[in-house]
Structures are given as structure tokens and as C-alpha cells.
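Shown next, in C-alpha cells, is the structure this report addresses.
Numbering (our numbering), first residue to last: 101 to 234.
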């Protein structure tokens, strides 16, 4: 994928924003939390994103993919080029990073969490009503 394609893809997620940080790194965020970074001054371009522990272990075994400096212990990988992964796999991994970060971002409630919380509240309210004596 190219820089413009990655930028367009990342910004297509609900509530996703971008800003330049640390010089010329393009950071994609949800709720103020980063889900991907793209180094604009390096050639080849470097991309960083969060993974599940299993995906992290698999990816760092591949050529041109490493634990990200400073955040590798939190399961972030660094791609030494945008061609380190195929288009479909890269898009799926960026989406996964977005979803993982969005689930923990302040003020962001994922659809899954909202339905679980809503379901619990509704059950608790109905139990309260049913237990009242009139």
C-alpha cells in the first residue's frame, strides 16, 4: 500500500483522526489514543501498529517486521517498508489495531461493549421493578 492509501483507510474508521507527532510521524488516533503511526521522512516508509499477542509473535518472525521501539513490549510491530505485508493482510491488521485501541480509548464505547452494558442495565432494571412490593 502507498502512504495515501493507508491514510485514507485509517481515516475511514469511525472517529479516527490524524496529526503529525515527533517531527514527521503521521499518527492515526481514536479517542486520543494512537492505533497506527506512519513515518513520513524515512525511505522506505515505516508503519507501526498494535497486534494481539499471537499475531505479534507470528509477525516478528517475518523479514522486515520487528517489535516497535519503546512499545514492542505492548505488542506493537514496526514494518520496515509498506511492502512487508500484502494489501489485504495489512488492512486487516490495521483494522484489528484500531478495534483494540478503540475498545480501551476514553469516551469510546464499542458496539459490542454498548450492547453488553445496555443488556445488563435493562436486566437489572427489570429485576428491580419485579422485586418491588406494591
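C-beta: ideal position from N, C-alpha, C; glycine also.
Please read all numbers here as calculations on a predicted model, not as lab measurements.
Can you give, in chain order, each stretch of the alpha helix (DSSP H) that sits fully within the region 147-174 and has at least 4 residues? Runs of alpha helix (DSSP H) with 4 or more residues, each lying fully within the region 147-174, are found at 153-159, listed in chain order.
Between residue 168 and the rest of its own chain, which residues show a CB-CB distance below 7 Å, the 5 nearest in sequence each way excluded? 148, 176, 177, 178
Cβ-Cβ separation, residue 150 to residue 197 (assumed contact under 8 Å), whole Å: 4 Å
Residue 116 in three-state terms, based on DSSP: strand
Between which two residues does the alpha helix (DSSP H) carrying residue 111 extend? 103-111
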